[in-house]
Amino acid sequence: FLQSYASFYKVFKRNSEDYLKNLQLPVRSDISRIAGLVVNLEEKVDRIEEVLEDFEYGYAEPATSESVKELETRLGRVEGKLDRLLAALEGGAQDGGAQVAETNGSMVEITATDAARRKAREMGVDLSEVVGTGTDGQVTVEDVRKKGES
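Residues in the sequence shown are numbered from 55 upward in steps of one, following my numbering.
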């Protein structure tokens with residue numbers, strides 16, 4: 055009887071170990087990673103619920119075209135100030151913002167801030183047609199906007 059029990063125990067132990075090796079149980083790191091994801095998701099859902107409650111109870115107002123235009127105007131002023139600050143910091147020592155364009159058969163150097171160049175590309179404005187009002191005639195974002203609106 056003991057011999058049968060011993061052989062059964064060995065077979066049972068071997069099969070149990072094989073089964074547990076193949077069983078894919080989550081480890082502590084898996085559980086902590088998933089718990090972190092759940093917490094982040096709950097925070098995002100809570101924020102969305104708060105915003106929806108604000109709209110539901112009238113604490114918040116949806117954005118109107120007037121408020122969007124006002125924000126665009128304010129953003130434009132901020133970009134202009136940043137352009138002036140960058141130009142002042144660069145102090146004209148770097149001519150990396152210079153570009154040469156041909157106007158009426160003569161070569162003219164165009165200095166513009168990086169933000170003004172991006173805005174000109176976005177609006178499809180030719181920088182050689184823009185009169186710069188920045189330091190030493192440098193073209194700013196506001197100059198590009200004025201040219202794009204005209």
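The C-beta atom is built at its ideal place from N, Cα and C for all residues, glycine as well.
Below 8 Å on the Cβ atoms is my contact criterion, and I expect residue i with residue j to pass it. Report the Cβ-Cβ distance as a whole number of Å.
i      : j      : result
Leu181 : Arg171 : 7 Å
Arg138 : Gly188 : 6 Å
Between the alpha carbons of residue i and residue j, how many angstroms are there, rounded?
i      : j      : result
Thr118 : Leu125 : 11 Å
Lys98  : Leu91  : 11 Å
Val93  : Phe109 : 25 Å
Ser61  : Ser70  : 14 Å
Lys123 : Glu163 : 34 Å
Phe66  : Ile88  : 34 Å
Leu95  : Gln78  : 25 Å
Leu136 : Gly112 : 36 Å
Val185 : Glu176 : 18 Å
Ser83  : Glu103 : 30 Å
Val179 : Glu120 : 25 Å
Ile85  : Tyr63  : 33 Å
Leu74  : Ser58  : 24 Å
Arg68  : Asn76  : 13 Å
Thr127 : Ala169 : 16 Å
Candidates the options: which alpha carbon is nearest residue i's?
i      : options                        : result
Thr165 : Gly90, Gln192, Glu196          : Gln192
Leu129 : Gly178, Gln57, Glu196, Leu95   : Glu196
Thr198 : Glu104, Glu183, Phe55          : Position check: residue 198 holds Val in this sequence, whereas Thr was assumed. Checked all of Glu104, Glu183, Phe55; the closest Cα to Val198 is Glu183.
Asp190 : Ala141, Met177, Glu176         : Ala141
Thr167 : Val179, Gly178, Gly186, Thr194 : Thr194
One question on the structure: do residue i and residue j come within less than 9 Å of each other, judged by their Cβ atoms?
i      : j      : result
Ala174 : Gly202 : yes
Keeping to the same chain, check which residues put their C-beta closer than 8 Å to that of residue i; ignore five residues upstream and five downstream.
i      : result
Ala114 : Val105, Asp108
Val116 : In the sequence on display, residue 116 carries Pro and not Val. Within the same chain, Pro116 has close Cβ partners Phe109.
Asp72  : none
Glu204 : First, the amino acid is wrong: residue 204 is Ser here, not Glu. Here the set comprises nothing.
Using a Cβ cut-off of 9 Å (strictly closer), state whether residue i contacts chain C.
i      : result
Gly112 : Among the chains in the structure shown there is no chain C, since it carries only a single protein chain.
Going along the chain, which residues of its own chain have a beta-carbon closer than 6 Å to the beta-carbon of residue i, five neighbours each way excluded?
i      : result
Phe55  : none
Lys200 : none
Counting only the same chain and skipping the five closest in sequence on each side, list residues whose C-beta sits under 7 Å from that of residue i.
i      : result
Asp100 : none
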